[in-house]
Amino acid sequence: MSVEPAIPSPVPSDFIRDIIAADVATNRYAKIVTRFPPEPNGYLHIGHAKSICLNFGIARENHGQCNLRFDDTNPAKEEIAYVDSITTDVQWLISGWADHCLGYKPKGASPALQTIDGKPDYFIAPVGLSTLNSQLSASPSEPFSASSYFDQLYEYALILIKKGKAYVCDLSPEDTDSYRGSPDKPGKDSPFRTRSVEENLDLFTRMKAGEFPNGTRSLRAKIDMAAPNIWLRDPLLYRIRHTAHHHTGDKWCLYPLYDYAHCLSDYLEGITHSICTLEFVDHRPLYDWILANLDLPRALPHQYEFAKLNLGYTIVSKRKLLQLVNEKLVTGWDDPRMPTLSGLRRRGIPASAIRQFVTSVGVTKFDSLTEVAVFENAVRTELNGLAQRRLAVLKPIKLVLTNIPAGEIIECTATNNPQEENPTTRPIALTREVFIESDDFAEVPPPKYFRLKPGGEVRLKYACIIKLDEIVKDATGAVTELRCTADLTTRAGGINVEKKVKGTIHWVSATHCIDAEVRLYDRLFNVAEPAAELDFLRVVNPKSLEVITAKLEASLASATPADRFQFERLGYFALDKDSPLLPSASQLSALSSQFPGKLIFNRTISLKDTWAK
Ligand code: ATP
Ligand code: MG
Numbered sequence: 166m167s168v169e170p171a172i173p174s175p176v177p178s179d180f181i182r183d184i185i186a187a188d189v190a191t192n193r194y195a196k197i198v199t200r201f202p203p204e205p206n207g208y209l210h211i212g213h214a215k216s217i218c219l220n221f222g223i224a225r226e227n228h229g230q231c232n233l234r235f236d237d238t239n240p241a242k243e244e245i246a247y248v249d250s251i252t253t254d255v256q257w258l259i260s261g262w263a264d265h266c267l268g269y270k271p272k273g274a275s276p277a278l279q280t281i282d283g284k285p286d287y288f289i290a291p292v293g294l295s296t297l298n299s300q301l302s303a304s305p306s307e308p309f310s311a312s313s314y315f316d317q318l319y320e321y322a323l324i325l326i327k328k329g330k331a332y333v334c335d336l337s338p339e340d341t342d343s344y345r346g347s348p349d350k351p352g353k354d355s356p357f358r359t360r361s362v363e364e365n366l367d368l369f370t371r372m373k374a375g376e377f378p379n380g381t382r383s384l385r386a387k388i389d390m391a392a393p394n395i396w397l398r399d400p401l402l403y404r405i406r407h408t409a410h411h412h413t414g415d416k417w418c419l420y421p422l423y424d425y426a427h428c429l430s431d432y433l434e435g436i437t438h439s440i441c442t443l444e445f446v447d448h449r450p451l452y453d454w455i456l457a458n459l460d461l462p463r464a465l466p467h468q469y470e471f472a473k474l475n476l477g478y479t480i481v482s483k484r485k486l487l488q489l490v491n492e493k494l495v496t497g498w499d500d501p502r503m504p505t506l507s508g509l510r511r512r513g514i515p516a517s518a519i520r521q522f523v524t525s526v527g528v529t530k531f532d533s534l535t536e537v538a539v540f541e542n543a544v545r546t547e548l549n550g551l552a553q554r555r556l557a558v559l560k561p562i563k564l565v566l567t568n569i570p571a572g573e574i575i576e577c578t579a580t581n582n583p584q585e586e587n588p589t590t591r592p593i594a595l596t597r598e599v600f601i602e603s604d605d606f607a608e609v610p611p612p613k614y615f616r617l618k619p620g621g622e623v624r625l626k627y628a629c630i631i632k633l634d635e636i637v638k639d640a641t642g643a644v645t646e647l648r649c650t651a652d653l654t655t656r657a658g659g660i661n662v663e664k665k666v667k668g669t670i671h672w673v674s675a676t677h678c679i680d681a682e683v684r685l686y687d688r689l690f691n692v693a694e695p696a697a698e699l700d701f702l703r704v705v706n707p708k709s710l711e712v713i714t715a716k717l718e719a720s721l722a723s724a725t726p727a728d729r730f731q732f733e734r735l736g737y738f739a740l741d742k743d744s745p746l747l748p749s750a751s752q753l754s755a756l757s758s759q760f761p762g763k764l765i766f767n768r769t770i771s772l773k774d775t776w777a778k
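Take my numbering: the last position of the sequence shown gets the number 778, and nothing is skipped along the way.
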């Protein structure tokens, strides 16, 4: 695995990195610690990649650390399967780039009690970053999770109650909402706001003990019901939920709300810069209020907000992506048409292309829509450097080279990747029967048609020039075979190798090829902003998947899932995870006919933007 240099050049620059650079310059913190805090209620998507690359990128550029933390405070929507997929996706995206910055905790650990300046404090230390990689496989470490702080969060709530900063409120959820008012109408104090500390402590303890049904009581911060910022109008800190949690089981029936859990989780982990998206700007005063009112002894984390990534022709919302899965408009979260990291990975998009793209779009304070062509071009650029060139024919038509005897094999030499400094080559077999792309032939050619036409000449790439002599048709008039003469003097090393023709086409030998299923993808949506539609499910592109059987050059039988290919003139391709197990060496030499099960390739992306006007 290649490891990229720790400090990229040029170093990305944006307003968040400027703030951090200033904090580093003044030694405000001993170490820069960020976090990526997904809620395990769906799979990660390309938008999350932006946040991951920002948080891990900052850690990487500052010799810091970025914790993967599950923000798992809502037991109703969260599942262990999502925890696993998110962990895999984050590791994949940062692999070879920022793994050395990944903050994990010792397995099963929760924050330890310590004393700082005579004050009790809780802190959860990560496993040593230097040993992290070797430990990952032995799995004595794991991602952080807010649910492992439930005990400490409860202790902090008791402190707020004792300080008169929080109270138990018996308003129903509906009344709580209506008492809160609206941005232009001040809220109204809850009748329970003046409860004594003793009564609050008693009720809160009994809430934890499970004495009260869902929705009957909540714990609220006592701030200001007339505050212009609605988030400061006595926000909820805890609510009753008699629901088991994927991590803590039946231990709790009282769960903290995001705003309360998040700032304290940041503090417990020693986060310095808590970076989130713009919708949390109004929550920031509450983030600061909670931390400030607990008299915490260590340096406090600070929240900074940036604009979400929105990508054309794409949905970046776990909730909406779940709808696509549930409505069976895609085959699952990792359908290669999905903008999920697992879908993009399965499609063959390298992590490096995603990192390059999300970094290149920059970090701003204004919402905007990034054109999907920008992403697609990043994928093409990356794959152009990585991909091995191969010959394949997607929609084959048979072509007979009448002057080559059956059974004869003429070995030709093909270049694997012209982008490499010293490109390697491989042998390919030219035989009497080959397949060419049916699109590369026209019986009645339009003007300036340089591919195969009656009486015309083209070059078969890496082989020789051929001339079309005869078109064979069946009883219905459909073309079944093209009969041509090969000019073998135009081969590499031949006396007429310099002879020029206007068209060069790709081909495979009909006897030295394998059949494969090829899945061709188009954009999943027909409109640039599906999320802006009344019903985004109605703008799903019904032609986003086409499945064909293609003819591939025989060497592709030994393709592995890690390989990236360019099928010349057709696009970039990679094996799908549904593809059958790799054949053994003996099966390989026996070639296509004995081959068990068809390989399945995904077209990652075409060579050109076919949507551009
Ligand atoms: P979704 O709407 O898809 O559920 P979310 O924000 O609710 O997204 P979280 O699991 O809470 O999902 O997100 C984890 C982190 O990723 C958060 O810090 C969030 O701000 C960030 N994030 C989510 N979507 C985007 C996006 N489109 N662009 C950049 N960052 C994002
Ligand atoms: Mg969220």
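Positions of the beta carbon are idealized from the N, C-alpha and C atoms, including for glycine. None of the values given here were measured: they were computed from a predicted structure.
Handout entry: Sheet register partners of Gln279 (DSSP bridge)
Key = Asp286
Problem - Helix, strand or coil at Trp417 [DSSP, three-state] - result: Secondary structure at Trp417: coil, using DSSP grouped into helix, strand and coil.
Handout entry: Opening and closing residue of the beta strand (DSSP E) in which Ser250 lies
Key = Per DSSP, Ser250 belongs to no beta strand (DSSP E); it is in the alpha helix (DSSP H), Ile245 to Ile259.
Exercise for the section: In angstroms with no decimal places, state the Cα-to-Cα distance between Leu721 and Ala290. Expected result: Taking the straight line joining both Cα atoms gives about 48 Å.
Handout entry: Chain-order list of residues whose beta-carbon lies under 6 Å from that of Leu433 (same chain, five-residue window excluded)
Key = Residues of the same chain with a CB within less than 6 Å of the CB of Leu433, apart from the 5 flanking positions on each side, are Pro276, Tyr287, Ile289 and Tyr314 in chain order.
Exercise for the section: Out of Glu204, Arg591, Gly477 and Asp652, point me to the one whose CA is closest to Tyr247's CA. Expected result: In this structure, Glu204 is the residue among Glu204, Arg591, Gly477 and Asp652 with its C-alpha nearest to the C-alpha of Tyr247.
Exercise for the section: With a cut-off of 8 Å on the beta carbons, I'd call Val558 and Lys716 a contact; round off their distance for me. Expected result: Cβ-Cβ separation between Val558 and Lys716: approximately 5 Å, consistent with a contact (criterion under 8 Å).
Exercise for the section: Can you give me the Cβ contacts of Val446 inside the same chain, cut-off strictly under 7 Å, excluding the 5 residues immediately before and after it? Expected result: Same-chain partners within the cutoff: Glu470.
Exercise for the section: Count the C-beta pairs between the segment 457-464 and the segment 340-359 that are closer than 8 Å, then say yes if the count reaches three, no if not. Expected result: no
Handout entry: Where Ala696 falls: helix, strand or coil (DSSP)
Key = Note: Ala696 maps to helix in three-state DSSP.
Problem - The beta strand (DSSP E) enclosing Arg163, as first and last residue numbers - result: Because the chain spans 166 through 778 in this model, residue 163 falls outside it and cannot be assessed.
Handout entry: Local conformation of Lys632 per DSSP, three classes
Key = Reduced to three states, the DSSP call for Lys632 is strand.
Handout entry: Rounded C-alpha distance that separates Val198 from Trp498
Key = 31 Å
Practice task
Measure the C-alpha to C-alpha separation of Leu756 and Leu740 and round it to an integer number of angstroms.
Solution key: Note that Leu756 scores a pLDDT of 49, beneath 50, so its modelled location is shaky; the value from the coordinates is reported in the next line. The straight-line gap from Cα to Cα measures roughly 18 Å.
Problem - beta strand (DSSP E) segments (min. 3 residues) lying fully within the segment 448-499 - result: 467-471, all fully within the segment 448-499.
Handout entry: Any non-hydrogen atom of the ligand ATP closer than 6 Å to Leu258 Cβ
Key = No - the ligand ATP has no heavy atom lying nearer than 6 Å to the Cβ of Leu258.
Handout entry: Cut-off 6 Å between Cβ atoms - residues of its own chain near Gln468, not counting five sequence neighbours on either side
Key = Cβ within range, chain order: Ser439, Arg449 and Tyr452.
Exercise for the section: Evaluate the contact criterion for the segment 588-596 versus the segment 723-743: three or more CB pairs, one atom per stretch, below 8 Å. Expected result: no
Handout entry: the segment 652-664 touching the segment 598-613, judged by at least three CB pairs closer than 8 Å
Key = Flag = no, the segment 652-664 and the segment 598-613 do not touch.
Exercise for the section: Determine, using beta-carbon pairs with one atom in the segment 363-376 and one in the segment 319-329, whether at least three such pairs fall under 8 Å. Expected result: yes
Exercise for the section: Would you tell me roughly how many angstroms separate the C-alpha atoms of Ile779 and Cys577, rounded to the nearest one? Expected result: This structure gives no information on residue 779, because the portion of the chain shown stretches from 166 to 778.
Problem - beta-carbon Gly780 near the ligand ATP non-hydrogen atom, thresh 6 Å - result: Residue 780 cannot be examined here, being either before or after the span of the chain that is shown, 166 to 778.
Handout entry: Top-ranked residue by Cα proximity to Ser250, from Gly207, Asp743, Lys270 and Lys272
Key = Gly207
Handout entry: Coil, strand or helix - Lys328 by DSSP
Key = coil
Handout entry: Check your reading: residues with Cβ closer than 5 Å to the ligand ATP heavy atoms
Key = That gives Pro203, Glu204, Gly212, His213, Lys215, Ser216, Cys441, Thr442, Lys473, Leu474, Val481, Ser482 and Lys483.
Practice task
Say whether the segment 221-241 touches the segment 417-433, bearing in mind that this needs 3 or more beta-carbon pairs closer than 8 Å, one atom from each stretch.
Solution key: yes
Exercise for the section: Measure the C-alpha to C-alpha separation of Tyr686 and Thr714 and round it to an integer number of angstroms. Expected result: 14 Å
Exercise for the section: May I ask you to list the residues that DSSP assigns as paired with Pro271? Expected result: According to DSSP, which records beta bridges pairwise, Pro271 is partnered with Ser306.
Problem - Interface flag, Asn549 vs chain B, CB-CB below 7 Å - result: Structure shown: chain B not included; a single protein chain is present.
Exercise for the section: Count the C-beta pairs between the segment 682-696 and the segment 570-584 that are closer than 8 Å, then say yes if the count reaches three, no if not. Expected result: Judged by Cβ distances under 8 Å, the segment 682-696 makes no contact with the segment 570-584, as fewer than three pairs qualify.
Practice task
Using a threshold of 7 Å, state whether the C-beta atoms of Leu489 and Val481 are closer than that.
Solution key: no
Handout entry: the segment 209-229 contacting the segment 171-189, beta-carbon criterion three pairs below 8 Å
Key = Between the segment 209-229 and the segment 171-189 there are three or more inter-stretch CB-CB distances shorter than 8 Å, so the stretches are counted as touching.
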